[in-house]
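Everything below concerns the one structure shown next.
Protein chains in written order, with this note's numbering: chain A, 1 to 524; chain B, 525 to 890.
Now the structure itself:
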């Protein structure tokens, strides 16, 4: 398999070509305001190498922060019709009730709440009020809404009310972009609904962005299917990812961690990705980032979907250095490093300047930092090392020393020995780890469901089977499936030894994407 | 008769949610949905007042409210303020008398806000008291049960219109068993109005001024967060608490037995506690803490596991590997520490063969 991985970051757009398990070429270009310009430039830079254009490319995988930035900055969002199924429960807490008012004002089109939904054990909660769904759809249509989010009580256990309502809405608004909450989230109605609302609000932007990505690939002369990378280190065909932009929110950081695992050949490790402004620290388990268990806030909205468990600290290659080296970050020159740092003739002392003065980094004009006091250099490096050590330890889950893989353009700030880790691993192409992670992404399937009246082993086996079905439906080669996460939580105050089981499996992308069929619905 | 009642500003309800979650000692359910309900109700122009328990007349009737059931189900069905109010109205109908005020069953966790939700609809004040002073898992673990007050009747409502009256039971434990079964049938979440109390009973047996206490605790945490000072220190100062341990969660074992979430959390020491280890056993709430195998704190003393940075409480359902935590003890209400109180809520009531000794007991008493 020959794949191109692209990571569109805030500062740089990186692209790599991977053949089998070798990184053939890697390039770094500046991210452009229109995003796709940077992608095209990266692809053109890559295409200058004969080994890139000589043979066909099987896939292009893009990781982007475009969608999460749109939410955080409150731009390019479309209005959404919100349909909640579950009355008479939850009537006092309607959709958007826990959103920051400014963001809610941008996204709230119409809100409708109707009877329906399920119980935790799969019993119907109330019969679905189809007439009310139809009426809601007519209201959405009259308001000119093209995006609809549907959330039903306990839909992760039985999604049938959401799918039936979606069919009704589609008959009335045939071109609607419909998001059903069970496709995104876990148990927790408001947070799952929030994820669905946010996803629906991104519908237009996602469509335009993916179309622009495809145009850029076509313009570069490549003929390969486009995949978008997801928060969990897996990919979706662009056509599918376009319908679920929220699932790519944190893919950049995940790609870095997956790339670190690939480049180092280490599957269980701590990873530190030092960028220009921030450093992300996470833990790799079986080659995948550990996931955040709980609620994740995006743009002030509580959401629940697959996100890596990361600690971000204000340390990077562009961080300001103050007070004789004792204070580092969180302010940073960011993408203005090449104009504001001392080595580039600027006036702002940054971590990169200190590293150049210390002979740790080749960048700009070393003569411009020759005057720096060695004591300052020592203090700044000691401060950065302390920040790294403390925060790596914070993210570790037990006391056993794990290797620490250091990647990213600012990896020089990571010392060669970090307490609590067995070794510090540096890898070739580590500064493009994110693009490498995108290129090697796999396909996943996940289930999160409550099982009753069966033992733990039986419940986990049942959940694993369902997750495998979903992975194959998403394009995974069934022969390569691997279970990477099993979590079971016994539930308080439920009869029959209720057990909530979450299982995630991954597999290598099958060559024939045409074998894809729609994801199976969870059984009721 | 005119009685002083004090309006509770929304700002104080925000603080109440933070403080109640700490007093929940790991259980009681998150107050978040209750808080959202109150924000909605206040936005509609409703307001709730707080009443001192000693301003109650002896023959006033007081409704004791709480939500019952699985927090997980609550996360899907969401908390509805009108259902809580309806549980109270069912009881009024059954008794043929109106309530003077409502009060909380437990000030720990989500149930701290339930009476405010009911009061907002009923137009009556909330008594500044509860009958646990924290959160506990079972009906007989209340100061009213310790006082041998009558355990019945109980009303229960679900959001679909089901209404249940438990007309008579012989003991508080029977009330726990019967009402729990009914709750499961309704989908494992319901609003309840417990056995009504007279003003005299509230004055004699309730744990007083706990709403004010929870608001004060939350205020202290939020002020420390705003100042970027240590919220744990603020909690200790506000409540006269003790810092038991600082560390990182290294293991969490959970299981459910008889419907309760039980298990043990292990915390590896950091900073001053480096090299030491704390184990905390829980039954919904934190029950016993051992330091290097030696019990250092037990129920009914409040054992609170808090986020080391924000000072916010961490529930037994949400605690996870790697979290940096501070374990603190807060003093228990005196009634829980009487010999009768310890029969209901001491370590042995939770199955631990350990003698209760408060971490706040003067060492000279040995």
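Ideal placement from N, C-alpha and C gives every residue a C-beta, glycine not left out.
Distance CB(residue 282 of chain A)-CB(residue 380 of chain A) smaller than 8 angstroms: No, these two residues do not count as a Cβ contact at 8 angstroms.
Does the beta carbon of residue 278 of chain A sit closer than 8 angstroms to a beta carbon anywhere in chain B? Among the CB atoms of chain B, none fall inside 8 angstroms of the CB of residue 278 of chain A.
Host alpha helix (DSSP H) of residue 177 of chain A (start-end): Taken as a continuous stretch (DSSP letters only), residue 177 of chain A belongs to no alpha helix (DSSP H), being part of the beta strand (DSSP E) at 177-180.
Specify the secondary structure class of residue 146 of chain A as computed by DSSP and reduced to three states. Three-state DSSP puts residue 146 of chain A in coil, outside helix and strand.
Thinking C-alpha only, which one of A:216, A:241, A:256 and A:226 is nearest residue 233 of chain A? Of the listed residues, the one whose Cα sits closest to residue 233 of chain A is A:256.
From the DSSP secondary-structure annotation, give me the bridge partner or partners of residue 348 of chain A. DSSP output for residue 348 of chain A lists A:341 as bridge partner(s).
Sufficient close CB pairs (3 or more, under 8 angstroms) joining the stretch 418-425 of chain A to the stretch 392-410 of chain A: Counting Cβ pairs under 8 angstroms, three or more are found: they touch.
Report the option in B:690, B:669, B:550 and B:537 whose CA atom is closest to the CA atom of residue 807 of chain B. Nearest option by C-alpha distance: B:550.
Reduced DSSP category for residue 46 of chain A - H, G, I as helix; E, B as strand; rest coil: In the structure shown, residue 46 of chain A sits in a helix (DSSP, three-state: H, G or I).
Can you find the residues in the same chain that come closer than 7 angstroms, C-beta to C-beta, to residue 684 of chain B, ignoring five residues on each side of it along the sequence? Scanning its chain for C-beta atoms nearer than 7 angstroms, with the 5 sequence neighbours on each side dropped, one finds no residue around residue 684 of chain B.
Within 8 angstroms of chain B by C-beta, residues of the stretch 65-89 of chain A in sequence order: Hits within the stretch, in order: 86, 88 and 89.
Going by Cα to Cα distance, which pick from A:474, A:366 and A:14 is closest to residue 239 of chain A? Comparing alpha-carbon positions, the option among A:474, A:366 and A:14 lying closest to residue 239 of chain A turns out to be A:474.
Name, please, each residue of chain B whose Cβ falls closer than 7 angstroms to the Cβ of residue 92 of chain A. 561, 564, 604, 605 and 606, listed in chain order.
Taking the DSSP output, what are the residues bridged to residue 452 of chain A? According to DSSP, residue 452 of chain A shares a beta bridge with no other residue.
Check whether the stretch 313-328 of chain A touches the stretch 371-380 of chain A, counting contact only when three or more Cβ pairs, one atom from each stretch, lie closer than 8 angstroms. The stretch 313-328 of chain A, when compared against the stretch 371-380 of chain A, does touch it at the 8 angstroms Cβ threshold.
Between the stretch 82-90 of chain A and the stretch 53-62 of chain A, are three or more C-beta pairs nearer than 8 angstroms? Contact between the stretch 82-90 of chain A and the stretch 53-62 of chain A is absent: fewer than 3 CB-CB pairs across the two stretches fall below 8 angstroms.
Option nearest residue 230 of chain A by Cα separation, candidates A:11, A:445 and A:486: The residue with the shortest Cα to Cα distance from residue 230 of chain A is A:445.
Within-8 angstroms CB hit, residue 621 of chain B to chain A: Closer than 8 angstroms: no.
Residues of chain A with a CB under 7 angstroms from the CB of residue 613 of chain B: which are they? Listed along the chain, the chain A residues whose CB falls inside 7 angstroms of the CB of residue 613 of chain B amount to none; the nearest CB is some 16 angstroms away.
Straight-line gap, residue 768 of chain B to residue 871 of chain B (C-alpha atoms, nearest Å): About 18 angstroms.
My output table needs one value for residue 152 of chain A: the three-state DSSP class, helix, strand or coil. Assigned with DSSP and collapsed to three states, residue 152 of chain A falls in strand.
Going along chain A in order, which residues have a C-beta closer than 9 angstroms to the C-beta of residue 684 of chain B? Within chain A, the residues near residue 684 of chain B are 88, 89, 125 and 126.
How big is the Cα-Cα spacing for residue 439 of chain A and residue 76 of chain A? Answer to the nearest angstrom: the Cα atoms are 28 angstroms apart.
According to DSSP, which residues form a beta bridge with residue 63 of chain A? As DSSP reads the structure, residue 63 of chain A sits in a beta bridge with A:7.
Residue interval of the beta strand (DSSP E) (run including residue 813 of chain B): Residue 813 of chain B: member of the beta strand (DSSP E) spanning 809-815, first to last residue.
CB contact flag (residue 447 of chain A, residue 435 of chain A, <8 angstroms): In this structure, residue 435 of chain A does not lie closer than 8 angstroms to residue 447 of chain A by Cβ.
Are the C-beta atoms of residue 119 of chain A and some chain B residue less than 8 angstroms apart? Output row for residue 119 of chain A: interface = yes.
Compare the C-beta of residue 829 of chain B against all C-beta atoms of chain A and say whether one is closer than 8 angstroms. Using a Cβ-Cβ cut-off of 8 angstroms, residue 829 of chain B does not count as an interface residue toward chain A, since no Cβ of chain A sits closer than that to its own.
Run through the DSSP bridge pairs and tell me what residue 837 of chain B is partnered with. Residue pairing for residue 837 of chain B: DSSP places it in a beta bridge opposite B:830.
Does the beta carbon of residue 687 of chain B fall short of 7 angstroms from some heavy atom of the ligand GTP? No copy of the ligand GTP occurs in the structure displayed, which carries no ligand at all.
Where DSSP assigns a beta bridge to residue 227 of chain A, which residues make up the other side? As computed with DSSP, residue 227 of chain A is found in a beta bridge with A:61 and A:237.
Does residue 97 of chain A come within less than 8 angstroms of chain B when only Cβ atoms are used? A Cβ of chain B is located within less than 8 angstroms of the beta carbon of residue 97 of chain A.
With a 10 Å radius around its C-beta and 16 neighbouring C-beta atoms as the bar for buried, classify residue 105 of chain A as buried or exposed. By the Cβ-count criterion, residue 105 of chain A is exposed, with fewer than 16 other Cβ atoms from all chains shown falling within 10 Å of its own Cβ.
Proximity of residue 837 of chain B and residue 657 of chain B at Cβ, strictly below 8 angstroms: The answer is no: Cβ separation not under 8 angstroms.
Around the Cβ of residue 73 of chain A, are there at least 16 other Cβ atoms within 10 angstroms (buried) or fewer (exposed)? Residue environment: residue 73 of chain A is assigned as exposed (fewer than 16 neighbouring CB atoms within 10 Å of its CB, all protein chains considered).
Helix or strand or just coil, what does DSSP make of residue 775 of chain B? Assignment of residue 775 of chain B by DSSP, reduced to helix, strand and coil, places it in the strand class.
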